[in-house]
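Engineer: My questions all concern the structure below.
Numbering (our numbering), first residue to last: 38 to 1006.
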């Protein structure tokens, strides 16, 4: 063998001609026949043995005695490979005799140069797991290699134990070739994060009948792959893929494939310095056979891992896909273990485009690799459908990086395939699951993300109702059974989000309106949705809004339109009535969900997300009132019958303490905890009530007459008893929350958050002004009733004692509210109306101040009144109230009435408040304590002040409810 390996050095041309003649003879089946005669048989075996020795292969040792790079440069190898496809195609008897040696040759000849591939060092053939591609073969030998493998797969039986592993190794090389077209550097990427093993779900006992295929079929398949000219197309394909679906993906790879390029970079020497390369080229004589594309020619390499940039022609890539298709069709049992990788690799090419104008469409050039891959994907899925391939496919763990592109390509490939529609995979999957006696929770948990991704990739409008109807029938049965499995799942956000996405995508299908089972499906959806919000937390808000919006938009009957939204709203009302409990984060989401449909919102930090994420969790659709930026879900319509319950919830001082004891643990997040949860919920419901009053008021204040008839009938000035006093306090507390909700809506939605006073702010399009100025006298009467009866009623109970805080709080809010109302009229125009509002405000305080002076006259209440009044002045100063300059002369006597008894620290606070505000201009000085330059969404002074006030109101109510004697003023 050593002598035969050295013959090429001095007699290569002779051996090339000799082998060419021999191969031409062997290609004639009428001449080259295996003889039954013993003597002739020995001669034939001797000739074939010498043929193997000329190729450097020892039949006895079953190993090659030379390196792969030397084999590729030898004349006998190139002569043999050039005629090998013709011999195998025409002479099956000789081909079967040469098959073991040929398969070993097909594995060995493309191997990269390595020290381990020397004589006696190619025992790695027994492992049958090559990690290299066809890059080291020249163009012509590479084409002959592909044609040889294609003929073998079509015309020979290779499922014997000694041949099957060799064929699997050849298919592995073909897959490596498809993967190597576009280099991805793995050296600087965490393999633990990017490489994930697919689950071994494909059974090896797949049985498919074999079909006889003649040489004409093989030639036709090869011609289909080579029908399109190459050339510049490869460059264009690379551009198209980088902009399309094959960019930065790290798909589900086996460990061998992920390490292949690393092993190549380790086996190959680093690039020499350019000067050294020039010297080497000048002083080193190179044979013509060494000027190759694979071994020794200079090529582009990765600057990070030094792996060569491998690039193959359109024809070669098409032949690779045809080879894999033939292998799966002929021997599905051998291909079973490789099917996940085959599907992933083929789907990547099926989603690729040759030209940029093809991206985003289903237009393909006949014969290009993308068209071949799409057809193979169709045939593969259709062939394996009886073997329940879809239940295995959907329970395979697919990395998120490539899940979307894989299922999108799969759905696109089946779009115009009559035998297997895009909805058929889901239909067959649900049929398989419905046939099971009991659903497996682990199986369902694995399938839900994949099913959600695939159903989102389906075109809901392009498929006819006949395609969707069988799927809906199976979905009805599956959802009914799924409800029983939900308690067995662990409540991972992936599961809840997947269920919301599946239900939302189903509602997007227009054919659902015509399905006979739509009522049952919606009932099941409502039960699933109710279980999610009651028991699971952490789901994405955008999926919830999209689900309800699609149901509201898709159906015509009110019952079907509002079914899912009403489920959420009824659960929110049940929580307010303390009949149910929800995770705290879910409760906040439901409040925001209802507010969004009405045109309002909660602060982003209350939703456990920052401001940038808040925009991503808001469905940008037209609202129920026609306003932009809100999702039309019908939630506001569903909650309208429950506004009386909302008013009871706001007015009751015990609701926050009960809600706190009834709440469940929530995910940790900034700005929201058990102390701030109740105040946030009340502020949100108050904003909702304010929006309802604004919409239903009109010129005759119908909404106020319906919800607050007592506001237009102020309390009697006659001495009140304890019951009347508590009712007055309850009304004042309700009005305070209502004004807080209106101002919060102003701060979050309409106001520009400038640092100027509210009275000079720019007008907004939809101001939230639920109370007209005509009720100012009624508010003053309620506050006067509390101030007049506080001295006598304050010792009755803790609730009576907190009434003074609520009275002064309403004064603060009403003052800020009227100033904002005046600012909405503009600075120059409507001056008369502006003056009217300020006159109303001054008249309001003219009524309140005497009552405060009377209360200060009680020596035991002087310090308490001074504390509340000083807090009022500091709040108005922080809010840059322009009315403060008008009222300071009127209020100073109140604080100085008992100045001798005023503590020193209160005197300091009073002096800072008076000196920090200019009486002439009404503008804050630098020492006024107002933060300058806070114009962002969360740091605007109005929202910041409202957040502090909201927290204080909630704490006071909790303390009052639990009979605490401490009040933080």
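Positions of the beta carbon are idealized from the N, C-alpha and C atoms, including for glycine.
1. Quick check on the burial criterion: 16 or more other C-beta atoms within 10 angstroms. Buried or exposed for residue 718?
2. So, using beta-carbon positions, are residue 779 and residue 854 closer together than 8 Å?
3. Just the C-alpha distance for residue 240 and residue 635, rounded to the nearest angstrom, thanks.
4. Are the CB atoms of residue 562 and residue 540 nearer to each other than 8 Å?
5. List the residues that DSSP assigns as beta-bridge partners of residue 345.
6. For the alpha helix (DSSP H) that contains residue 716, what are its first and last residues?
7. On the DSSP bridge assignment, give the partners of residue 95 in chain order.
8. Report yes if the C-beta distance between residue 406 and residue 354 is below 8 Å; otherwise report no.
9. Tell me the residue span of the alpha helix (DSSP H) that contains residue 438.
10. At the level of alpha carbons, what is the spacing between residue 722 and residue 543?
11. Once DSSP output is grouped into helix, strand and coil, what is the label at residue 971?
12. Within the continuous alpha helix (DSSP H) that includes residue 383, where are the two ends?
13. Report all residues from its chain with a CB closer than 7 Å to the CB of residue 675; omit the five preceding and five following residues, and keep chain order.
14. Out of 615, 530 and 549, point me to the one whose CA is closest to residue 581's CA.
15. In angstroms with no decimal places, state the Cα-to-Cα distance between residue 920 and residue 437.
16. Are the beta-carbon atoms belonging to residue 93 and residue 103 less than 8 Å from one another?
17. Among the candidates 216, 880 and 464, whose CA atom is the shortest distance from the CA of residue 428?
18. If distances are taken between C-alpha atoms only, which option among 199, 130 and 122 comes closest to residue 178?
19. Under a three-way DSSP split, which group does residue 868 fall into?
20. Please state the DSSP three-state secondary structure of residue 469.
21. Suppose you measure from the CA of residue 776 to the CA of residue 512; what does that come to, to the nearest Å?
22. Mind reading off the beta-carbon distance from residue 567 to residue 608? Whole number of angstroms is fine, and I expect it under 8 Å.
23. Are the beta-carbon atoms of residue 69 and residue 134 separated by less than 8 Å?
24. Taking 8 Å as the threshold (C-beta atoms), are residue 738 and residue 804 in contact?
25. Can you tell me whether residue 496 is buried or exposed, with buried defined as 16 or more other CB within 10 angstroms of its CB?
26. Can you tell me the Cβ-Cβ gap for residue 362 and residue 416, rounded? I've got them flagged as a contact below 8 Å.
27. What is the rounded straight-line gap between the Cα of residue 593 and the Cα of residue 551?
28. Among 53, 216, 622 and 348, which has the Cα closest to the Cα of residue 710?
29. Any idea if residue 336 is buried or exposed, counting beta-carbon neighbours within 10 angstroms, 16 or more meaning buried?
30. On a CA-only basis, which of 828, 812, 595 and 733 is nearest residue 758? Give me that one, please.
31. Once the 5 residues before and after residue 888 are set aside, which same chain residues still bring their CB inside 8 Å of it?
32. Considering just the uninterrupted stretch of the alpha helix (DSSP H) at residue 527, what are its terminal residues?
33. Measure the Cβ-Cβ separation of residue 460 and residue 538 and say whether it is below 8 Å.
34. Buried or exposed, going by whether 16 or more other CB atoms sit within 10 Å of the CB of residue 616?
35. Helix, strand or coil for residue 556? Go by DSSP, reduced to three states.
36. Going by beta carbon distance, what residues of the same chain come within less than 6 Å of residue 321, once the five residues before and after it are set aside?
Structural biologist: This is what the structure gives:
1. buried
2. yes
3. Bear in mind that the predicted position of residue 240 carries a pLDDT of just 33, short of 50, making it too unreliable to give a figure here.
4. yes
5. 338
6. 711 to 734
7. 100
8. yes
9. 437 to 450
10. 32 Å
11. Only weak support exists for where residue 971 lies, its pLDDT of 31 falling under 50; the coordinates are left without a value.
12. 376 to 387
13. 599, 602, 603 and 606
14. 530
15. 59 Å
16. yes
17. 464
18. 122
19. helix
20. helix
21. 48 Å
22. 7 Å
23. no
24. no
25. exposed
26. 7 Å
27. 11 Å
28. 622
29. exposed
30. 828
31. 820, 821, 824 and 825
32. It is not in any alpha helix (DSSP H) - residue 527 carries neither H nor E in the DSSP assignment.
33. no
34. exposed
35. helix
36. Bear in mind that the predicted position of residue 321 carries a pLDDT of just 37, short of 50, making it unreliable; the figure below should be weighed with that in mind. None.
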